[in-house]
Amino acid sequence: MAISMLLAAVLLAAVSFGESSYIAYNTTGGIVPGKINVHLVPHSHDDVGWLKTVDQYYVGGNNSIRGACVQNVIDSVISALLDDENRKFIYVEMAFFQRWWRQQSKKLQTRVKELVKSGQLEFINGGMCMHDEATPHYIDLIDQTTLGHRYIKDEFGQTPRVGWQIDPFGHSAVQAYLLGAELGFDSLFFARIDYQDRARRKDEKTLEVVWQGSKSLLSTSQIFTGIFPRHYDPPDGFVFEINDISPPIQDDVLLFDYNVEERVNDFVAAAVSQANVTRTNHIMWTMGTDFRYQYANSWFRQMDKLIHYVNKDGRVNALYSTPSIYTDAKYAANEIWPLKKDDFFPYADHPNAYWTGYFTSRPAFKGYVRMMSSYYLVARQLEFFKGRNSTGPNTDALADALAIAQHHDAVSGTQRQHVAADYAKRLSIGYVEAEELVSSSLAFMAESRLITGPANPITKLQQCPLLNISYCPPSEAVLSDGKSLVVVIYNPLGWKREEVVRIPVSTERLIVHDSSGKEIESQLLPVVNASSHTRNFYVKAYLGKSPSGTLKYWLAFSASVPPLGYSTYIISSAKQTGASSTISKVQTSEGNKNSTIEVGQGSLKLLYSADEGKLTHYINSRSLVTAFAEQSYSYYSGNDGTDKDPQASGAYVFRPNGTFPIKSEGQVPLTVMQGPILDEVHQELNPWIYQVMRIYKGKEHAEVEFTIGPIPVDDGVGKEITTQITTTLKTNKTFYTDSNGRDFIKRIRDYRADWDLQVNQPVAGNYYPINLGVYVQDDSMELSVLVDRSVGGSSLVDGQIELMLHRFVLPFVIC
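In mature numbering (1 follows the signal peptide of the UniProt record, and there is no 0), the protein residues as written are -20 to -1, 1 to 795.
Pasting the structure below:
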């Protein structure tokens, strides 16, 4: 009896000792002056496609690749926010949130709108995706951001004010300009910068800067920019996804492993450490990472406890926050911030890992995105001119597809193969609908001006999206039947254009007239059949044939098109005794030893060595310039990661392991086609590299079209294919590359303006993204190269421009 009574007394004492097992956590605290204020920013970084497609990520499909379900993230977060009005969360990717929103009841939508209005849920960045910054054109950056912002404005009446580009692999100056000057953002935050740059900035407390993105718009292009001292996840020990290993706060005295004091000490130590590399008494903790908060309570429960116990301890102050609140606190501090100019390329996260390979990865997809972007511009203009029909074809599907294609694992070329196919399929679906809109709009606008007259109206115009393989059934079929073909050419730009138009045809005697009936000079060039490339290259082997067995040609003529307007041309069969298109003269360099071939009908002429098949000089008779110029091909062998550092070349990283020249293997070095409109020089270096250089009579530039692939890797060596254009210009290590097609930035080989560069990768570390072009110059001359898609490039030798055109590395690592 005495023993039982003693046990009861002990149990009673245990129950009444300390705090109750139920604790009402106080998370209402705000900013406290004079203390280190730790802004806890809950977030989930949800890639709009990468290892899985955008749909698979949203619904949680294909989880054998990655256990990620975005709709669970949003469901769980909204529920957790509704449970406690002090909690906050930021969301970025509108491509996902828009899908989730459409599936919710009106009642829940109303409650979510209240969360947004109160600031518990804040939309940051606000584009359809977190776009890449190296490989998109600036027009596409604007379009995808506009699409997301319009959705937020229409549904919630809000306008995002903070940029959140935490995951792209380097950051462009145009990004800073667009966010600061065009969108009016207050701040921009990101995580990835060069490891040498980050170390220097931590030492000097310059992780937060004012970034000037444009030389011409000095004040309006400036934006407060914060660089995280580590990645975009929390400090070690404070990741609280349900399967993560960080120790939770155990504050129930009835349970074992009570650790409140230990966890508070860990928090304070991490906060002080970050404060030591940050100006002002405000620091930000990014509480989340990729696809987190699928069970949001596992995060919010721990953050509730941290805020409660840390603030009770009093050494530092913790609060639920957002980047907007954090930005306001930084502005209020009246700190003088360092100034950052130019950009943050290239990015490396350790000595042998320069993330410059993705500037070129998946070049065909990059080209498709750029082409669809141009087409979208045309379609939108025509949609406006004709008037939008709510029931007819429109540009919405193409707009959505292009928006998600700007994601930093999409146009960058760093996605899995089935994801790349998914992006391309979406673009194709969007194109088909936009094509119908373009055809009907142009037909509607052009009918009144066609010289065929009202008796022969055009009800539908057909387009030729497969000109890259010399395939255009409308032009081939109509002209083969002896009928006339009406060609409508639209110019979406704001200035008049004189361009050479090329159309596949399968008959020889043709004549071209403009809309007034005037005959236009034209030229026929034999079509190259790329499938016939062989080591034994002869003219007779590459003259392509149509399905009927007749020779196929490119019909070329010069078209003049007004700004934001169109012109019509009529192609018809010529009379046997009348004038017709000039058939190009075809010659080869076979047998022409020790001689020079001159190509070009106008001011610009190119000189080739007949025996070697190499470009040697260019001449501009108008500017009286004659100069040495040589083009060559080579490849870098990709590092396979089997040396002391396991870093290999991959979809992201360019780590070359030697360079090797690619010499011509063709028995016929050159084949030249010449005529009154243009000259073409065809070169087959080997069975997988074919090049055509065009010189137009009325132009002072040469156009180069290359076909590369499949890249052979049967020798077990990955290859990154480059071309070099070499001159005698004295460039003093200096060259210029564009920033998203808008501005040009000065580059100096082996140099960074912000810190003393330790050169570990002299090739990859000097590669930069090229969206529009690259040029070198000296006191007297300039050499410029413009590109039709994003590529990586550099000037590794004075007077030379190098472009990486294609790459296939082994193993093909993507994560």
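Where is the CB? At the ideal position from N, CA and C, for every residue including glycine.
Item	Value
Helix, strand or coil at His25 according to DSSP, with G and I counted as helix	strand
Asp759 at chain C interface by Cβ criterion, 7 Å	Included in the structure is just one protein chain, with no chain C present.
Alpha carbon of Asn448 to alpha carbon of Lys532, nearest angstrom	14 Å
Rounded separation between Gly337 and Phe325 - CA only	12 Å
Three CB pairs or more closer than 8 Å across the segment 735 to 753 and the segment 106 to 120	yes
Beta strand (DSSP E) segment containing Lys699, residue limits	Lys699 to Thr706
Assigned secondary structure, Phe149 (DSSP; H/G/I helix, E/B strand, else coil)	coil
Limits of the beta strand (DSSP E) - the one that Phe345 falls within	Premise fails: Phe345 lies in the alpha helix (DSSP H), Pro343 to Lys366, not in any beta strand (DSSP E).
Every unbroken beta strand (DSSP E) within the segment 650 to 716, with a cutoff of 3 residues, ordered by chain	651 to 654, 658 to 666, 669 to 676, 682 to 688 and 699 to 706
Cβ-Cβ distance between Ala268 and Ser24 below 7 Å	Note on residue identity: the sequence assigns Gly, not Ala, to residue 268. Yes, the pair counts as a contact, with Cβ atoms nearer than the cut-off.
Distance between beta carbons of Pro214 and Trp265, contact taken as under 8 Å	5 Å
Distance, Asn374 Cα to Gln361 Cα	11 Å
Range of the contiguous beta strand (DSSP E) that encloses Ser614	Glu610 to Gly618
At least three beta-carbon pairs within less than 8 Å, the segment 395 to 404 to the segment 121 to 132	no
Simplified DSSP state of Trp80, which is helix, strand or coil	helix
Residue nearest to Arg210 in terms of C-alpha spacing, selected from Val233, Phe236, Asp177 and Asp232	Asp177
N- and C-terminal bounds of the alpha helix (DSSP H) containing Lys726	That residue, Lys726, is in no alpha helix (DSSP H); its beta strand (DSSP E) goes Asp723 to Ile728.
Cβ pair Lys412, Ala251 closer than 7 Å	According to the sequence as given, residue 412 is Val; it is not Lys. No, the Cβ-Cβ distance between Val412 and Ala251 is not below 7 Å.
Cα-Cα separation, Trp191 to Asn314	17 Å
Stretch-stretch touch, CB-based, cutoff 8 Å, three pairs: the segment 24 to 34 with the segment 289 to 302	no
Delimiting residues of the beta strand (DSSP E) encompassing Ala255	Ala255 -> not in any beta strand (DSSP E); alpha helix (DSSP H) instead, spanning Val240 to Ala255.
Paired residues, beta bridge with Thr568 - DSSP	Thr651
Backbone secondary structure at Asn43 - three-state DSSP	coil
Boundaries of the alpha helix (DSSP H) in which His288 is found, first to last residue	Asn277 to Asp293
Cβ-based burial, Arg406 [other Cβ within 10 Å; buried from 16]	buried
Whole-angstrom C-beta distance between Ile669 and Leu642, which should lie under 8 Å	Contrary to the premise, residue 642 reads as Ile rather than Leu in this sequence. Their Cβ separation, rounded to whole angstroms, is 7 Å, which keeps Ile642 and Ile669 in contact under 8 Å.
Nearest-angstrom beta carbon gap, Ser502 and Ser460 [assumed within contact, 8 Å]	In fact, because the Cβ distance is near 17 Å, the residues do not count as touching under 8 Å.
Assigned exposure category for Tyr37 - 16 Cβ within 10 Å defines buried	buried
Minimum C-alpha distance to Tyr716 - residue among Thr639, Tyr755, Ala682 and Ala607	Tyr755
DSSP bridge partner residues for Met784 (one or two, in chain order)	Thr702 and Gly772
For His211, three-class secondary structure by DSSP	coil
Enclosing beta strand (DSSP E) for Lys321 [first to last residue]	Leu319 to Lys321
Residues bridged to Thr606 (per DSSP)	Ile599
Endpoints, alpha helix (DSSP H) assigned at Asn52	Val50 to Asp63
For Tyr118, three-class secondary structure by DSSP	helix
Residue range of the alpha helix (DSSP H) that includes Tyr175	Tyr175 to Glu184
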